[in-house]
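Engineer:
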Amino acid sequence: MKDQPKAYVIGFTGAPGTGKSSLVDALIASLRKLDRFVAVIATDPNSPFTGGAILGDRIRMQRHALDPRVFIRSMGARGHLGGLSLAARESIRLLGAFGFDPVILETVGVGQSELEVAAIADTTVVVLTPNLGDGVQMIKAGILEIADIFVVNKADLEGHHRALTELRSMLSLSNVPGAPKAWKPPIIPTSATRSEGIDELWAAIESHRKYLASTGRGERLAAERLKEETAEVAAEIARDRVRRALAEDPALAERLLEEGTPYGTAEEILDRKR
Amino acid sequence: MATKTAIRPVRIVLAKVGLDGHDRGVKVVARALRDAGYEVIYTGLRQTPEMVVDAALQEDAQVIGLSIHSGAHMTLFPAVVQELKRRKATDIVVFGGGIIPEDDIAALKEKGVAELFTPGTPLQGIVDWLRKRFPEGSR
Ligand code: B12
Ligand SMILES: Nc1nc2c(ncn2[C@@H]2O[C@H](COP(=O)(O)OP(=O)(O)OP(=O)(O)O)[C@@H](O)[C@H]2O)c(=O)[nH]1
Ligand SMILES: [Mg+2]
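Those sequence lines, one after another, are chains A and B. First residue of the first sequence: 1, per the numbering used here; consecutive thereafter. First residue of the second sequence: 1001, per the numbering used here; consecutive thereafter.
Following this line, the structure appears as structure tokens:
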């Protein structure tokens, strides 16, 4: 395990349409010049009703399609809690073993998905744009806490300077609880479509990586995450066993309905020999 | 009974190949397939057969759907089938639609294209065909 090559994981999250895929596309181009092998896992939500999805991130990165050192995989988040992170983490390990480094993880910041990204990524990049409606006030609760780096994209659009100023003053006002004082998330202005600010973004990611390595924080996080992932896998296995037991054992299911004892029944199933 | 996590939607890569900007049809089809429970990866305009096959392999797709209105269907469809053979991925099903004269349809099917849908096809017809072709994958 220790000797296995491990990919550095960069998460990109933010509201729909802020330019995450375009930024990733530009970053891939820069990283290829540095001769890095880059993998991307891009997630989009599935419809909760049909399970279907249009996975639309790849279209922005398709110019790298024929480069064998760029691997792009779209994933439906499949709409169930934890499912994305389990699938993504397993893919990241595989891609790392194949020599891809970094692995970039893109997720639309709706619902809980941005928290899932932050729980997987070594560096989390939160992408904002000038047209966030009522300025930066619109930023969702919780998003400030997870950002290691802020990108204000679409620097070519009007209102960009105001957005930058607002974000700066907001960050200086908010004393984010629990956040390590030693790392102050930098704010990087970019224009993904013009490939501007991409080198600065990469430099910021690199300095965050060095910060994690030199302070030992990276190692602590990795250890915590491995434990947390194990707990999630266990929960997934337990869920599966309980569902199967209830489907295969009608008498048990009937007794559950009669007695209405989910805790007791769950324990009974998990105590069974397999 | 399969548990929720075990259900794996059929994954379909959709593409416009060659120099052809007619993307209305493919976008309509993409939405219809999503609404029918499929996972659709649209790769966009001006794709080459190599790009499409590469995307299908990376995306672990079971189906490639091509949309062609340029008149180049007799070269582009077989080129994709050929590329799949070269990459040893003939289990991936190729189908499609667009402006394709009746006479060419039979010839393309002989060359390994599974099915073709021309203008005016009801979207449900496309969904029904996929459901028949992938009975377990569809929900
Ligand atoms: C709208 C249109 C345009 C629009 C396109 C807008 C856009 N972004 O899509 C514009 C004005 C840009 C355009 C331009 C041109 N067009 Co035009 N255009 C049409 C028109 C009138 C309708 C096409 C359309 O959108 N239909 C609606 C959609 C929903 O239907 P559909 O695409 O056929 O899709 C259905 C099926 O085909 C099938 N399907 C399609 N794709 C797929 C994929 C899969 C996987 C599956 C399962 C099914 C499927 O399912 C869909 C639902 O039923 C057709 C004529 C016609 N009646 O088809 C001409 C037509 C396609 N155009 C034509 C031509 C020649 C051109 C130009 C070259 C004209 C010129 N000289 O400049 C340019 C080329 C532009 C370019 N860059 O490629 C010709 C093509 C002739 C040929 N191939 O032999 C047509 C047939 C007109 C004609 N009768 O001459 N065009
Ligand atoms: N003007 C301008 N437009 C941009 C920039 N970056 C991205 N866009 C445009 O914004 C739109 C959305 O870009 P994407 O890269 O798909 O955004 P996204 O955040 O990945 O979108 P989702 O994955 O759907 O949430 C596209 O039309 C892009 O061309 C930029 O720097 N400037
Ligand atoms: Mg995107």
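Every residue, glycine too, gets a C-beta built ideally from N, C-alpha and C. Keep in mind it's a predicted model, so treat the numbers as computed, not measured.
(1) Using beta carbons (cut-off 9 Å, strictly below), is glutamate 1050(B) in contact with chain A?
(2) Within a Cβ cutoff of 6 Å, which residues of the same chain sit near isoleucine 104(A), ignoring the five residues on either side of it in sequence?
(3) Among Ile205(A), Lys273(A) and Gln112(A), which has the Cα closest to the Cα of alanine 77(A)?
(4) Going straight from the alpha carbon of alanine 163(A) to that of leucine 157(A), what length do you get?
(5) State the beta-bridge partners of phenylalanine 1117(B) as determined by DSSP.
(6) Within 9 Å (strictly less), CB to CB, does glutamine 1124(B) reach chain A?
(7) Do the segment 1068–1079 of chain B and the segment 1020–1039 of chain B meet, that is, are 3 or more Cβ pairs less than 8 Å apart?
(8) Give me, in chain order, the residues of the same chain whose beta-carbon lies closer than 8 Å to that of alanine 97(A); leave out the 5 immediate sequence neighbours on both sides.
(9) Find the residues of chain B that neighbour serine 22(A), judging by a C-beta separation of less than 8 Å, and give them in chain order.
(10) Is the closest heavy atom of ligand 1 to the C-beta of threonine 1118(B) under 8 Å?
(11) Does the beta carbon of threonine 18(A) fall short of 8 Å from some heavy atom of ligand 2?
(12) Would you say the beta carbon of valine 126(A) is closer than 8 Å to some non-hydrogen atom of ligand 2?
(13) Could you tell me which residues DSSP pairs with aspartate 44(A) in its beta bridges?
(14) So, is the C-beta of glutamine 1062(B) closer than 9 Å to a C-beta in chain A?
(15) Below 8 Å, can you find three or more Cβ-Cβ pairs linking the segment 1082–1101 of chain B to the segment 1031–1038 of chain B?
(16) Can you give me the start and stop residues for the alpha helix (DSSP H) that phenylalanine 12(A) sits inside?
(17) Indicate whether leucine 128(A) and threonine 18(A) have their beta-carbon atoms separated by less than 9 Å.
(18) Measuring only between beta-carbons, confirm whether aspartate 1035(B) sits less than 9 Å from chain A.
(19) Would aspartate 1091(B) be called buried (16 or more neighbouring beta carbons within 10 Å of its own) or exposed?
(20) Flag this pair as touching only if the segment 187–206 of chain A and the segment 228–243 of chain A have three or more C-beta atom pairs under 8 Å; answer yes or no.
(21) Any heavy atom of ligand 2 closer than 8 Å to the CB of alanine 1030(B)?
(22) What are the start and end residues of the alpha helix (DSSP H) that includes glutamate 1083(B)?
(23) From the DSSP output, in three-state form, read off leucine 86(A) for me.
(24) Quick test of the definition: if touching needs 3 or more C-beta pairs under 8 Å, does the segment 256–263 of chain A touch the segment 1092–1109 of chain B?
(25) Grab the span of the beta strand (DSSP E) containing threonine 123(A) for me, first residue to last.
Structural biologist: In short, the structure shows the following:
(1) Mapped onto the second sequence, residue 1050(B) falls at position 50. Cβ-Cβ to chain A under 9 Å: yes for glutamate 1050(B).
(2) Translated into positions along the first sequence, residue 104(A) becomes position 104. The residues are Ile10, Val24 and Val40.
(3) As a first step, residue 77(A) is located in the first sequence; it is residue number 77 there, counting from the start. That would be Gln112(A), whose Cα lies nearest to the Cα of alanine 77(A).
(4) The sequence position of residue 163(A) within the first sequence is 163, counting from 1. The sequence position of residue 157(A) within the first sequence is 157, counting from 1. In a straight line, the C-alpha of alanine 163(A) is about 11 Å away from that of leucine 157(A).
(5) Taking the first residue of the second sequence as position 1, residue 1117(B) is located at position 117. According to DSSP, phenylalanine 1117(B) bridges with Gly1097(B).
(6) Mapped onto the second sequence, residue 1124(B) falls at position 124. With 9 Å as the cut-off, glutamine 1124(B) does not count as an interface residue toward chain A.
(7) yes
(8) In the first sequence, the residue the question calls residue 97(A) occupies position 97. Excluding positions up to five away in sequence, the list reads Gln4 and Pro5.
(9) Position 22 of the first sequence holds residue 22(A). By Cβ distance, chain B contributes nothing, its closest Cβ being about 13 Å from serine 22(A), past 8 Å.
(10) Stepping through the second sequence from its first residue, residue 1118(B) is reached at position 118. The answer is yes for threonine 1118(B).
(11) Here residue 18(A) refers to the residue found at position 18 of the first sequence. The answer is yes for threonine 18(A).
(12) For this step, residue 126(A) is matched to residue 126 along the first sequence. Outside the cutoff, so no.
(13) Along the first sequence, read from residue 1 onward, the residue named residue 44(A) stands at position 44. DSSP output for aspartate 44(A) lists Gly76(A) as bridge partner(s).
(14) The residue given as residue 1062(B) occupies position 62 in the second sequence. No - not a single Cβ of chain A is within 9 Å of the one on glutamine 1062(B).
(15) They do not touch, by the three-pair rule.
(16) Taking the first residue of the first sequence as 1, we reach residue 12(A) at position 12. Note, phenylalanine 12(A): premise wrong, no alpha helix (DSSP H); beta strand (DSSP E) at 9–14.
(17) Taking the first residue of the first sequence as 1, we reach residue 128(A) at position 128. Taking the first residue of the first sequence as 1, we reach residue 18(A) at position 18. The answer is yes: Cβ separation under 9 Å.
(18) Here the question's residue 1035(B) lines up with position 35 in the second sequence. Taking Cβ atoms only, chain A reaches closer than 9 Å to aspartate 1035(B), which makes this a yes.
(19) As a position in the second sequence, residue 1091(B) is number 91, starting the count at 1. Exposed is the call here.
(20) no
(21) Against the second sequence, residue 1030(B) aligns to sequence position 30. Incorrect: alanine 1030(B) has no Cβ contact closer than 8 Å to ligand 2.
(22) Position 83 of the second sequence, counting from 1, holds the residue named residue 1083(B). 1073–1086 is the extent of the alpha helix (DSSP H) around glutamate 1083(B).
(23) Residue mapping note: residue 86(A) aligns to position 86 of the first sequence, counting from 1. Look at leucine 86(A) here: in three-state DSSP terms it is helix.
(24) no
(25) Walking along the first sequence from the start, residue 123(A) turns up at place 123. Element bounds for threonine 123(A): 123–128.
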